[in-house]
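Chains A and B supply the protein sequences, listed in that same order.
So for the first sequence, our numbering puts the first residue at 10; every next one is plus one.
So for the second sequence, our numbering puts the first residue at 10; every next one is plus one.
C-beta: ideal position from N, C-alpha, C; glycine also.
Protein chains: 2
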Amino acid sequence: MSDRQKRLLIVGGVAGGASCAARARRLSETAEIIIFERGSFVSFANCGLPYYVGDVITDEKKLLIANANLFKQRFNIDVRLENEVLSINREKSEVNVKNHQTGEVYQEYYDALVLAPGASPIRPNLPGIDLPGIFALRTIPDSRRIREWIEEHKVTKAVVVGGGFIGLEMTENLVHRGISVTLLEAQSQVMLPFDREMTTPINNSLLSHGVILRLGDSVVSFESHSEGGIVVKTKSGEVHQADLVILGIGVRPESTLAKDAGLEIGDKGGIKVNEKMQTSDPQIWAVGDVVEVQDFVTKEWLLIPLAGPANRQGRVAADVIFGRDSTFRGVQGTSVCGIFGLTVACTGVNEKTLQRLGWEYGKVYLHPGHHVGYYPNAKPIDIKLLFSPEDGRILGAQAVGEAGVEKRIDVIAMALQNGATVFDLEEAELCYAPQFGAAKDPVNMAGMIAANALRGDAPLVHWQQLNELDGVLLDVREVGEFEAGHVEGAKNIPLSVLRDRMSEIPPNQTIWVYCQVGQRAYYATRALLLNGFDARNLSGGFKTYQAVKKD
Amino acid sequence: MSDRQKRLLIVGGVAGGASCAARARRLSETAEIIIFERGSFVSFANCGLPYYVGDVITDEKKLLIANANLFKQRFNIDVRLENEVLSINREKSEVNVKNHQTGEVYQEYYDALVLAPGASPIRPNLPGIDLPGIFALRTIPDSRRIREWIEEHKVTKAVVVGGGFIGLEMTENLVHRGISVTLLEAQSQVMLPFDREMTTPINNSLLSHGVILRLGDSVVSFESHSEGGIVVKTKSGEVHQADLVILGIGVRPESTLAKDAGLEIGDKGGIKVNEKMQTSDPQIWAVGDVVEVQDFVTKEWLLIPLAGPANRQGRVAADVIFGRDSTFRGVQGTSVCGIFGLTVACTGVNEKTLQRLGWEYGKVYLHPGHHVGYYPNAKPIDIKLLFSPEDGRILGAQAVGEAGVEKRIDVIAMALQNGATVFDLEEAELCYAPQFGAAKDPVNMAGMIAANALRGDAPLVHWQQLNELDGVLLDVREVGEFEAGHVEGAKNIPLSVLRDRMSEIPPNQTIWVYCQVGQRAYYATRALLLNGFDARNLSGGFKTYQAVKKD
């Protein structure tokens, strides 16, 4: 079939769908392209919604990246808002569409169909879940309703259910509006893409901003309060009162349309696609939050709802539909979240996943400044790097701090994409001037520590293994630091006098060495090793110990 | 020779020398390690000196990363300050050292000698160059003298000679102290690692901060003013009065010691070393600003004084001396400079160099926001990406803007290191939340534009070729934008009505299309190509035109 007759129908007009449509037009001037969008808006900035609720973005129009008119003028694409695709007739290659403006139901033929309906917020089936004042956040009308509710009900107290990206962003934005927030997270940590010990700074930041944080507790019911508002009861027996409840529990792929059409659905409930974004029906493609994607590192098929990959998937689908040999390379899970001036970002796989899969891995913790310490206002970044113990290949990284965090994760994400190793990070030549970085950038340092461990120069142990220690725990910080707080049972010999006092260290024992962040312990470990001791550096030092202990 | 007897002498104790010494100790507890430092400080933050002059760094002690005592305690390294190595006796494997504190001259034997004397600021042999008030900036005492001069002479006017990193940083810092600055640059642009058109925003920023900028003009003499201060006369005949002159003309490797010892010196005047940082004498190594390094992209041997590579070279030299198989991979030239809130950063090779070498290359210009436009305070970044037209391999990148600049260069630097292509940049999965980036990050966009050009989907032309145009220059911006300013001779058909008015475009002619930054022109180029026209996108749009025109 030539492009001239080609008719491309797209279900859903936000990230993946809109990208697919625009790309398709760039590949064919003659194809007929129609987007069916159930909602009232096409191509809106869904990642901006929490900031619109928070009044950081004050003008709703800013959220409209494009509108139907612009799609028509710029791309000759027919966007049909409030038109819902009810079902797919695969035998006739038709969709049944309901126009919610007129009530009319009609059919449209397709040569190629792209499903991009996204994912919808999970609304757990709990008593009282439909009470007024309980909102999820997915669309512009959702955010508008929350804004109106806040203003009309003069909201002063809110409960946010779920400590993921949306939950944290909503918490920040509600606090920004002067609302007291209780954050309930059923798991034992916020931000599940991170390992738990890396979330300690997030918890601290939430608490220091007055948020009431409840981990490992979940809602059992919502009830109306006699004097107005909602009573949120939890599993632990706590009762939280609120004028507003935000559900940020996660999303579920909108795969019903595909399922009803008999398309293959994956184990996680998303539409199953191949690397061409093609479903089990070769005439139907699917992109965005509705599909299962392959994890770039582990090769598992997962649900990873992210805007960047959704856009890329849309372009790949359009390419393939118009005869090009594009493929989607999977998702690294690179993501970032801002919370009260703290930035948390990650890429690749986390330790929990590696443990679940039973993979061998190495890890390092470090806490370098975001730029040199001699320039004012250096802020520490907590970094965790995961790598293959065989060849040093990067598996994943997590970072938390006040500045320069996403830069380091982006650099590591690029390295991971290229199959780079910790030895490459060690060698990376990155920007350095006093206000921007360091001659040894945090990325270099992460690579160096890992490389030193892999080469056997500075073997690492981890605080999580502390109970396995059968030997000496050596704190090489200065006496004043040691006295201000140390790990129970540790012996203190400062690095500055270590060589003079080496005779105090028992031979033929394992020595686990720590300092504040790991650097002095590295020097000490080297000195001990070269003097015949069996020494190990406790990665990340006392600072990581404190995070792990709280964990 | 076993480590036990090894005696490592190091000449120079700042970046490369200090790194080498510390690394050596981590490889051998028994080696004797001595650093001879002519100056009064070891391991100080030379990159911070302009900010100490500017009082951004207020405490001189902050600049001291380590001192001799710390080197002794922490690393058992003997640092001899104010001890100058006068000559090398290679036959006897000895250095002759003068202790400037005592006047004594003595010899020390070495098993391995590392030269890390750095580079010294160029003081051109001009009339009046030795007048009081004319300073270069290399050491802590230099910066202290400048600070004292500013205070004692109540400096209100300064001339900075040279518009490189030090010249710009000094300009900013003097202005920060309320001093009026005239910046003289002999070349036709500031910041020579950049291509000239990319420096337009720097010029604009200098001018908007009250700096008097003179490009293509150089000093011919300095004279004393009868009422105090210095009169700076230039080639163009201008006369500038100043209370203070800062020389930021560049540095020259301190290779005299090596030359006198008969070591091989490269064409650029730096010590010649191999990838093991070994000089022509296998018992002598050299690291840091004194050596010529191989450009990672072009493989040319150049002088590229940078702190990060100096540190890496120091570690490589120590590794090799202690029997390890480390190599130095060359220098990408990744660098960054802050100037009045503007960040300028680059990595890899620039277009001037590619032209000089006669290499084939492709390039793109773009001006994306540092984060999504719908979130407040998005700042544009001007980006130029250079790549191989054969396989898309990244050759270099330059970026200028107010925020997020060094992040994009760091990501591209990592990609370049890994031999990645523009197709990899297109696919990069980077951090996106509204305040941090975009679903299509600037790095992705640079990759996409280049990849689209390489695939033939959206061929590019450049404003520098405008005089070659034999056809139609088409401006696809809206009428109001066109009327507010456009390129002479351009025809205006907005993208929004292009399909309706395509008949107005003459067939069988070349059509060069532009818009404001290149995106709408891309859409228009695709539409024209698919409709049979021979269309090209003018990379970077009207914004790049304005920079090139001013160039």
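Once the 5 residues before and after residue i are set aside, which same chain residues still bring their CB inside 6 Å of it?
| i | result |
| --- | --- |
| residue 225 of chain A | 197 |
| residue 242 of chain B | 229, 230 and 248 |
| residue 47 of chain B | 93 |
| residue 318 of chain A | 340 |
| residue 183 of chain A | 167 and 190 |
| residue 275 of chain A | 281, 301 and 310 |
When you compare each of the options to residue i by their alpha carbons, which one comes out closest?
| i | options | result |
| --- | --- | --- |
| residue 415 of chain B | A/396, A/103 and A/379 | A/379 |
| residue 261 of chain B | B/277, B/482 and B/251 | B/277 |
| residue 508 of chain A | A/477, A/542 and A/495 | A/542 |
| residue 549 of chain B | B/202, B/394, B/341 and B/236 | B/394 |
| residue 175 of chain A | A/53, A/310 and A/314 | A/314 |
| residue 320 of chain B | A/448, A/519, A/492 and A/172 | A/448 |
| residue 188 of chain B | B/436, B/220, B/365 and B/459 | B/220 |
| residue 382 of chain A | B/30, B/70 and B/28 | B/70 |
| residue 235 of chain B | B/525, B/222, B/250 and B/246 | B/250 |
| residue 523 of chain B | B/532, B/21, B/405 and B/179 | B/532 |
Less than 8 Å between C-beta atoms, sequence neighbours within five positions excluded: which residues of the same chain meet that for residue i?
| i | result |
| --- | --- |
| residue 10 of chain A | Confidence is the limiting factor: at residue 10 of chain A the pLDDT is only 45, short of 50, which leaves the residue's position unreliable, though a coordinate-based value still follows. Correct list, in chain order: 120. |
| residue 135 of chain B | 228, 229, 230 and 231 |
| residue 109 of chain A | 47, 91, 92 and 93 |
Looking only at DSSP bridge pairs, what is residue i linked to?
| i | result |
| --- | --- |
| residue 118 of chain A | A/103 |
| residue 184 of chain B | According to DSSP, residue 184 of chain B bridges with nothing at all. |
| residue 346 of chain A | A/353 |
| residue 484 of chain A | A/501 and A/523 |
| residue 378 of chain A | A/389 |
| residue 96 of chain B | B/105 |
| residue 546 of chain A | A/469 and A/522 |
| residue 162 of chain A | For residue 162 of chain A, which the question treats as bridged, DSSP gives no partner whatsoever. |
| residue 397 of chain A | For residue 397 of chain A, which the question treats as bridged, DSSP gives no partner whatsoever. |
| residue 249 of chain B | B/241 |
Measure from the C-beta of residue i to each C-beta in chain A and report whether the shortest distance is under 7 Å.
| i | result |
| --- | --- |
| residue 539 of chain B | yes |
| residue 463 of chain B | no |
| residue 320 of chain B | yes |
| residue 419 of chain B | yes |
| residue 535 of chain B | yes |
| residue 542 of chain B | no |
| residue 410 of chain B | no |
| residue 415 of chain B | yes |
| residue 99 of chain B | no |
| residue 455 of chain B | no |
At least one CB of chain B closer than 7 Å to the CB of residue i: is that the case?
| i | result |
| --- | --- |
| residue 505 of chain A | yes |
| residue 547 of chain A | no |
| residue 128 of chain A | no |
| residue 445 of chain A | yes |
| residue 327 of chain A | no |
| residue 530 of chain A | no |
With a threshold of 6 Å (Cβ to nearest heavy atom), would residue i be considered close to the ligand FAD?
| i | result |
| --- | --- |
| residue 83 of chain A | For the structure depicted, the ligand FAD is absent and the ligand set is empty, with no information on it obtainable. |
Apart from the five residues on each side of it in sequence, which residues of its chain come closer than 7 Å, Cβ to Cβ, to residue i?
| i | result |
| --- | --- |
| residue 440 of chain B | 446 |
| residue 132 of chain B | 138, 145 and 256 |
| residue 54 of chain B | 72 and 74 |
Could you list the residues in the region 175-189 of chain B with a C-beta less than 9 Å from some C-beta on chain A, going in chain order?
Residues of the region 175-189 of chain B with a C-beta less than 9 Å from any C-beta of chain A: 178, listed in chain order.
For the region 55-78 of chain B, which residues have a beta carbon sitting closer than 8 Å to at least one beta carbon of chain A?
Legend: CB atoms of the region 55-78 of chain B lying less than 8 Å from CB atoms of chain A belong to residues 56, 57, 60, 65, 66, 71, 72 and 74.
For the region 81-93 of chain A, which residues have a beta carbon sitting closer than 8 Å to at least one beta carbon of chain B?
Taking 8 Å as the Cβ-Cβ cut-off against chain B, the residues of the region 81-93 of chain A that qualify are 82, 83, 84 and 85.
Would you list, in chain order, the members of the region 424-443 of chain A that have their beta-carbon closer than 7 Å to a beta-carbon of chain B?
Those would be 424, 426, 427, 429, 433, 436, 437, 438, 439, 440, 441, 442 and 443, in chain order.
Just by C-beta distance, which residues in the region 342-355 of chain B are closer than 7 Å to chain A?
Cβ contacts with chain A: 343, 344, 345, 346, 347 and 354.
Chain B contacts made by the region 10-33 of chain A, where a contact means CB separation under 7 Å
Considering only beta carbons, the part of the region 10-33 of chain A lying closer than 7 Å to chain B consists of 24, in chain order.
Tell me which residues of the region 364-386 of chain B have at least one Cβ-Cβ distance to chain A shorter than 9 Å, keeping chain order.
Those residues of the region 364-386 of chain B placed with their C-beta closer than 9 Å to a C-beta in chain A are 381, 382, 383, 384 and 385, ordered along the chain.
Mind checking the region 499-526 of chain A against chain B and listing, in chain order, the residues whose C-beta falls within less than 8 Å of any C-beta there?
Per Cβ criterion, the list reads 504, 505, 506 and 508.
According to a CB-to-CB cut-off of less than 7 Å, which residues of the region 258-291 of chain A neighbour chain B?
Listed by position along the chain: nothing, the set is empty.
At a CB distance below 7 Å, what residues from the region 294-317 of chain B approach chain A? Give them in sequence order.
Against chain A - using a Cβ distance shorter than 7 Å - the residues of the region 294-317 of chain B are 316 and 317.
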